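Undergrad:
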Amino acid sequence: GPQKKKKKKKKAMKHIIQTFFFLSLGFAVGQDARELTLNTEIKDVTVFIQGAEITRTGTTRIPKGESIIKASGLSPYINSKSITAKATGDFIILSVNHKLNYLESLKNDKRIDSLEQIVDELDLKISRIRIKQEVLNERLNLLHSNDDFGGNAGVSLENLKGAVEYFEKEVTEIKSSSLDNQLQIKKLEVEKVQVLNEINVNRNRKTLPTSEVHIRVKAENATTG
Numbered sequence: 025g026p027q028k029k030k031k032k033k034k035k036a037m038k039h040i041i042q043t044f045f046f047l048s049l050g051f052a053v054g055q056d057a058r059e060l061t062l063n064t065e066i067k068d069v070t071v072f073i074q075g076a077e078i079t080r081t082g083t084t085r086i087p088k089g090e091s092i093i094k095a096s097g098l099s100p101y102i103n104s105k106s107i108t109a110k111a112t113g114d115f116i117i118l119s120v121n122h123k124l125n126y127l128e129s130l131k132n133d134k135r136i137d138s139l140e141q142i143v144d145e146l147d148l149k150i151s152r153i154r155i156k157q158e159v160l161n162e163r164l165n166l167l168h169s170n171d172d173f174g175g176n177a178g179v180s181l182e183n184l185k186g187a188v189e190y191f192e193k194e195v196t197e198i199k200s201s202s203l204d205n206q207l208q209i210k211k212l213e214v215e216k217v218q219v220l221n222e223i224n225v226n227r228n229r230k231t232l233p234t235s236e237v238h239i240r241v242k243a244e245n246a247t248t249g
């Protein structure tokens, strides 16, 4: 008869956590489950056509009672149904749960909010400088409207000279301040563009959550293994 084609069995990514514990007597006795951090490192990797099997190991100490051991910073692509936890020590594993941590995404959103606040502050600074510049322009227009020094008969040469010197001093001061304002606005505008670019980069960045594995254990006495 016709030969039946064998279906290829897909092997999903499997995350195996092995924990080893050592004797420790420094923990106080507690009834409620406390959360412990487990730092893990990759011990072995087996790559398949689809996915991979990753073995991670770590050590921590277990107090008396129930504890939740948390291994964080793991790949978001873990198949939660394929996680296996193995351990040695005078305690028992009650459950193993997989969770996604969206804290990095929240951090990215907060960073965008902070950057947008910086843009608002830069806009305010620019607006204030432009108001100062408008006042300077009004002063300059007022001076020019009264610069007909020789139009009044009977003005002495000394008074005329004083008026010209005053006019030159005021115009020079206004022009110098106007130049400073232009340079400040240009600097702030450049800074604003840089911040806006950073905002766009953060918005376009696809921030993936990280995985966490929570292992609930119970020990009759403070132990390690």
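So the sequence shown is residues 25 to 249, counted in this note's numbering.
Just so you know, even glycine gets a beta-carbon here, dropped at the ideal spot from N, CA and C.
Quick caveat: nothing in here was measured; it's all calculated off a predicted structure.
1) State yes or no: is the C-beta of Gly-97 within less than 8 Å of the C-beta of Thr-234?
2) Report back the beta-carbon spacing between Ile-102 and Ala-111 to the nearest angstrom; my notes put them in contact at under 8 Å.
3) Any chance you could list the alpha helix (DSSP H) runs of at least 4 consecutive residues sitting entirely within the stretch 115-180, in chain order?
4) Identify the continuous beta strand (DSSP E) that holds Lys-88 and give its terminal residues.
5) Could you say which of Leu-60, Tyr-126, Ser-169, Lys-216 lies nearest to Pro-100 if we only look at CA atoms?
6) Exposed or buried, Ile-93, counting other C-beta atoms within 10 Å across all chains shown (16 or more means buried)?
7) Measuring only the C-alpha atoms, how far is Lys-123 from Arg-152?
8) How close, in whole Å, do the beta carbons of Lys-88 and Glu-222 come, if the pair is a contact with beta carbons under 8 Å?
9) Excluding the 5 residues preceding and the 5 following His-238 in the sequence, name in chain order all residues of the same chain whose CB lies nearer than 6 Å to its CB.
10) What whole-angstrom Cβ distance do Lys-211 and Leu-146 have, given they're in contact under 8 Å?
11) Just to confirm my understanding: we take Leu-160, look at its own chain, exclude 5 residues before and 5 after, and list those with CB closer than 6 Å. What are they?
12) Hey, would you say Leu-60 sits closer than 8 Å to Thr-79, going by beta carbons?
13) Where Val-241 and Lys-67 are concerned, what is the direct C-alpha to C-alpha distance, given to the nearest angstrom?
14) At what residues does the beta strand (DSSP E) containing Ala-243 begin and finish?
15) Helix or strand or just coil, what does DSSP make of Gly-97?
16) In chain order, what residues of the same chain lie with their CB nearer than 8 Å to the CB of Arg-163, ignoring the 5 residues before and after it?
17) Roughly how many angstroms separate the alpha carbons of Gln-141 and Arg-229, rounded to a whole number?
18) Drop a sphere of 10 angstroms on the beta-carbon of Ile-155, count the other beta-carbons inside from all chains shown, and report buried for 16 or more, exposed for fewer.
19) Thr-231 lies in the beta strand (DSSP E); which residues open and close that run?
20) Among Ile-136, Gln-208, Phe-115, which residue has its Cα nearest to the Cα of Lys-149?
21) Is the beta carbon of Thr-108 closer than 8 Å to that of Gly-82?
TA: The relevant details are as follows:
1) yes
2) At roughly 19 Å, the Cβ-Cβ gap does not stay under 8 Å, so Ile-102 and Ala-111 are not in contact.
3) 127-169
4) That residue, Lys-88, is in no beta strand (DSSP E); it is neither H nor E in DSSP.
5) It is Tyr-126.
6) buried
7) 49 Å
8) Their Cβ separation, rounded to whole angstroms, is 50 Å, which puts Lys-88 and Glu-222 out of contact at 8 Å.
9) Ile-92, Lys-94, Asn-121
10) The beta carbons of Lys-211 and Leu-146 sit about 10 Å from each other, so the pair does not count as a contact at 8 Å.
11) Ile-198, Ser-201, Ser-202
12) no
13) 22 Å
14) Looking at the DSSP string, the run of the beta strand (DSSP E) that includes Ala-243 is 234-243.
15) strand
16) Correct list, in chain order: Glu-194, Ile-198.
17) 19 Å
18) Burial call: exposed.
19) Element bounds for Thr-231: n/a, residue is neither H nor E.
20) For the set Ile-136, Gln-208, Phe-115, the Cα lying nearest the Cα of Lys-149 is the one of Gln-208.
21) Result no, Cβ atoms of Gly-82 and Thr-108 do not sit closer than 8 Å.
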